[in-house]
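Each residue of the sequence shown is one higher than the one before, starting from 1 at the first, in the UniProt record's numbering.
Virtual Cβ for every residue (Gly too), placed ideally from N, Cα, C.
Just so you know, these numbers come straight off a predicted model, no measurement behind them.
First the structure, in the form of structure tokens, and then the observations on it.
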Amino acid sequence: MSSLQEWIGNPLGVIEDIFAQNNDSPQWETKVLEYFKEKLKENDAENWVPSLNDVPLHYLKANSLVKFRCFVQDMFDPEFYMGTYEHVDAASKSKVLKFGKYKDVAECSQADLGHSTIYAGCSHACVVPSTSYTPNRHKRSFEDDHDMDSQPSKQKEHAAAPQGGSSIHSSGDCKRLETDSASGQTLACSSPMDLNFPLPGERGPACLVKVYEGWDTFKVSDMLEVYGILSVDPQISMMAEEKEALLLIDPMDGVETAEERRVHSPPASLVPRLHVLLTHKLQHNNPLLPPAARNDISSFTSGFLGELAAVRAELMDYLTHMLFGDALAAEYVIFHLISSVYARRDLLPLGKFTLNLSGCPQNSAFTDHLYRAIQQLVPSSFRLCMSLHNMNSLRFVPRKDYTANRLVSGILQLAQNTSLFLDETKLEQGQLDSAGVRNITALGNLISWQKVDYDFSFHQMEFPCNINVLIASEGRSLLPSDCQVHLQPKLASPNLEEYMNALHAAVGPSTLNKFRIYVSLVRTLDYSITEDITKEVEEDFVEMRKDDPQSMSAEDLHRMLVIARLLSLSMGQTTLSRDQWMKAKHLEVLRMSRTEQQKSVNGNEP
1 MSSLQEWIGN
11 PLGVIEDIFA
21 QNNDSPQWET
31 KVLEYFKEKL
41 KENDAENWVP
51 SLNDVPLHYL
61 KANSLVKFRC
71 FVQDMFDPEF
81 YMGTYEHVDA
91 ASKSKVLKFG
101 KYKDVAECSQ
111 ADLGHSTIYA
121 GCSHACVVPS
131 TSYTPNRHKR
141 SFEDDHDMDS
151 QPSKQKEHAA
161 APQGGSSIHS
171 SGDCKRLETD
181 SASGQTLACS
191 SPMDLNFPLP
201 GERGPACLVK
211 VYEGWDTFKV
221 SDMLEVYGIL
231 SVDPQISMMA
241 EEKEALLLID
251 PMDGVETAEE
261 RRVHSPPASL
271 VPRLHVLLTH
281 KLQHNNPLLP
291 PAARNDISSF
301 TSGFLGELAA
311 VRAELMDYLT
321 HMLFGDALAA
331 EYVIFHLISS
341 VYARRDLLPL
351 GKFTLNLSGC
361 PQNSAFTDHL
371 YRAIQQLVPS
381 SFRLCMSLHN
391 MNSLRFVPRK
401 DYTANRLVSG
411 ILQLAQNTSL
421 FLDETKLEQG
431 QLDSAGVRNI
441 TALGNLISWQ
451 KVDYDFSFHQ
461 MEFPCNINVL
471 IASEGRSLLP
481 SDCQVHLQPK
491 LASPNLEEYM
501 NALHAAVGPS
511 TLNKFRIYVS
521 LVRTLDYSIT
531 EDITKEVEED
541 FVEMRKDDPQ
551 SMSAEDLHRM
561 LVIARLLSLS
571 MGQTTLSRDQ
581 WMKAKHLEVL
591 RMSRTEQQKS
601 VNGNEP
């Protein structure tokens, strides 16, 4: 029986034992996965595994078991590895069967280099093109490669980014995104190597995640929790440098361009490799909650529901003060924060709730403090100041770089349920250029259809998303929204900075954590409407249209149903009651009367 220190500190040793006991059986790989799956089920075992998100790389032991919460940023082409091979001992000349899985560098002595005694354990998985793969050049077939004297097994490499982030290129996504594009930064990374993070100023671990089984179940922008073997072997960088030198001598000697090799083979000290044993797809990236994939989420939910009403009341009070006493606006901000796309009907994403908070003062620090409040409540967020410079210069949509064979990321490549705060109060007069028009169009498509059309030069590829968008504007936003609420402050603050700083300071860490749990947890609740309530809603709709059919459209009814759903969930109720339906109708009457009043005021302005 392996101790805790062995299976976490030396997983390759454990795998070697399993391989030695089962190397005549093709089931050794299955037994390895079952072993680690059972180990991680033991009490508190997952908390003992070091996290690549939280522990600096230089503190982690090479070839140890680590976990990593990440966001799939790109998916590289399949690569080959030696499944099994014979190792010849230089002294005794004895042959030992070795496995090449979960390693970047095979164990071999100088004597092995003269032998053609390598055997392959071939994967029967089908190699499918990655989302970013395009056959833009001829590659040598395996049969034509005389330097390879075995048929290797196949693995898929993903690139993951910290946002937070196949060989997935992935990046850690449990970190809060505290970046701001107000200064009009470009997307170029400040480090010597471009890590291709989606957001300006982004920091965090980037990793090449090597997936052996089930890679076809992963998609770009998926959030994953990965358990795997950390590889930071310096020989990886040495081999990349040797290949680079060979390309300089004979550019036709390799199948990759120099630029592609630099992108796909970064230094392991900067971008470690992670050989995957187990993965969980994450429905949320809040580290205060257990992942929804685990069974303990239901018991956690049951325990929190008892205090949910009190937490909601506290959050409501906090947001009301943040909005200078406007309780109606605070209600709608809560609805916005807990909204999420739960299904798609044809092209329509159901559950989205983009909020346009109008009436925000221009040239004021109010939107700074409002974003700061939202940023503290959600696991990941990004504020985009919609200045003319930013709209014309920043790259919003990811595009395919065929030279480097990778996706060049853009601002709208975000993890699900990221809060995107669009600050329209920063928009000044001027001319949008062609890039700015494309960016505005991309924002409109994101808001209306919850999709981003990635640029593949000769065509566009549609990627669905689930992003919570809040637009802060002075008047009605130029962008579409699901709901507009015009601010009506009830409190006068002589000193904005002093008032806001005191408000932020009044909310302690324990209270903030309750708010954070509340916002993430109510998103995971199931929701339904009974036949009786459905019938009542239909009768109400007919009644509301009786005197004036133009006063209530099908779109208005849909919005009311969305608000009724969010109101119920915000109260911890998973089915719609008549009381909640009546309250949702009342909130909408108040909101629409306020909007009509503001239209009247604006119409009377000179």
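Let me check understanding here. Comparing Cα to Cα, which of the options lies closest to residue i?
i	options	result
Leu270	Ser302, Pro489, Ser231, Gly303	Ser231
His87	Lys95, Tyr81, Phe80	Lys95
Gly325	Trp449, Tyr518, Lys490	Lys490
Phe366	Leu274, Leu487, Ile529, Thr574	Leu487
Asn356	Tyr332, Leu569, Leu57, Ala584	Tyr332
Phe382	Tyr518, Asn23, Met391, Asn468	Asn468
Glu38	Leu278, Gly204, Ser265, Ser92	Leu278
Ala404	Phe76, Asp482, Leu305	Phe76
Glu498	Thr30, Glu543, Met322, Val437	Met322
Asp401	Asn445, His280, Pro361, Phe458	Phe458
Phe353	Ser577, His336, Lys67	His336
His264	Trp581, Leu394, Glu157, Gly359	Glu157
Ile334	Ser299, Ile374, Glu307	Ile374
Gln460	Val397, Ala435, Ser510	Val397
Leu288	Leu479, Asn47, Val437, Ala330	Asn47
Ala442	Asp423, Lys426, Phe463, Glu428	Phe463
Please state whether DSSP places residue i in a helix, a strand or coil.
i	result
Thr84	strand
Met316	helix
Lys101	coil
Lys41	helix
Asp579	helix
Ala20	helix
Gln598	helix
Ala309	helix
Asp547	coil
His280	strand
Glu428	coil
Ala564	helix
Ala442	helix
Ser150	Since pLDDT at Ser150 reaches only 42, below the 50 mark, its modelled position is unreliable, and the value read off the structure follows with that caveat. Coil, per DSSP.
Glu157	strand
Gln573	coil
Met592	helix
Phe68	strand
Ser269	coil
Alpha carbon to alpha carbon, what distance is there between residue j and residue i?
i	j	result
Asp180	Asn286	Its pLDDT being 38, under 50, Asp180 is placed unreliably by the model, and the measurement read from it follows with that caveat. Distance between the alpha carbons of Asp180 and Asn286 is about 21 Å.
Gln235	Glu474	57 Å
Gly228	Val276	4 Å
Ser520	Ile338	7 Å
Pro200	Ala415	15 Å
Arg140	Asp453	Because Arg140 carries a pLDDT of 37, less than 50, the predicted location of this residue cannot be relied on, and no value is offered for it.
Pro291	Leu282	6 Å
Gly351	Ser419	15 Å
Gly430	Leu412	23 Å
Asp54	Glu202	16 Å
Cys174	Ser380	Residue confidence is low: Cys174 scores 37 on pLDDT, short of 50, so the model does not pin down where it sits. Its coordinate-derived value is still stated next. Approximately 7 Å, taken between the alpha carbons.
Ser64	Leu208	16 Å
Gly57	Leu557	According to the sequence shown, residue 57 is Leu rather than Gly. Computed Cα separation, rounded: 53 Å.
Asn390	Val32	50 Å
Lys585	Asp532	18 Å
Ser51	Val226	10 Å
Ile440	Phe421	14 Å
Gln484	Ile529	26 Å
Tyr59	Phe36	23 Å
Gly359	Ser568	27 Å
Phe68	Asp44	17 Å
Glu259	Pro266	11 Å
residue 617	Ile563	No information on residue 617 is available, as it lies outside the stretch 1 to 606 that the chain covers here.
Does the ligand FMN have even one heavy atom less than 6 Å from the beta-carbon of residue i?
i	result
Val271	With respect to the ligand FMN, the structure offers nothing, as it holds no ligand at all.
* To do: Kindly provide the ranges of any alpha helix (DSSP H) runs that are 4 or more residues long and lie completely inside the stretch 447-528, ordered along the chain.
  => If we require 4 residues or more, the alpha helix (DSSP H) runs fully inside the stretch 447-528 come out as 496-506, 509-523.
* To do: Decide yes or no for the touch test of the stretch 212-222 against the stretch 63-83: beta carbon pairs closer than 8 Å, at least 3 of them.
  => The stretch 212-222 vs the stretch 63-83: in contact.
* Is the stretch 95-106 touching the stretch 79-86, taking contact as three or more C-beta pairs under 8 Å? -> Enough Cβ pairs lie closer than 8 Å, so yes.
* Asked: Along the chain, which unbroken stretches of the alpha helix (DSSP H) at least 4 residues long are found entirely within the stretch 324-401?
  -> Taken in chain order, the whole alpha helix (DSSP H) runs of length 4 or more contained in the stretch 324-401 are 327-338, 366-377, 388-393.
* So does the stretch 443-462 actually touch the stretch 343-361, counting three or more Cβ pairs closer than 8 Å? -> With a cut-off of 8 Å on Cβ pairs, the stretch 443-462 is in contact with the stretch 343-361, counting three or more such pairs.
* Asked: Any chance the stretch 502-517 sits against the stretch 309-317, with 3 or more Cβ pairs inside 8 Å?
  -> Counting C-beta pairs with one atom in each stretch, the stretch 502-517 and the stretch 309-317 have three or more that are closer than 8 Å, which means they touch.
* Quick one: complete beta strand (DSSP E) runs, 3+ long, within the stretch 186-237? -> Within the stretch 186-237, the complete beta strand (DSSP E) runs of at least 3 residues fall at 206-210, 223-231.
* Segment contact, 8 Å Cβ cut-off, at least three pairs: the stretch 567-574 with the stretch 523-539 -> Yes: at least three Cβ pairs fall under 8 Å.
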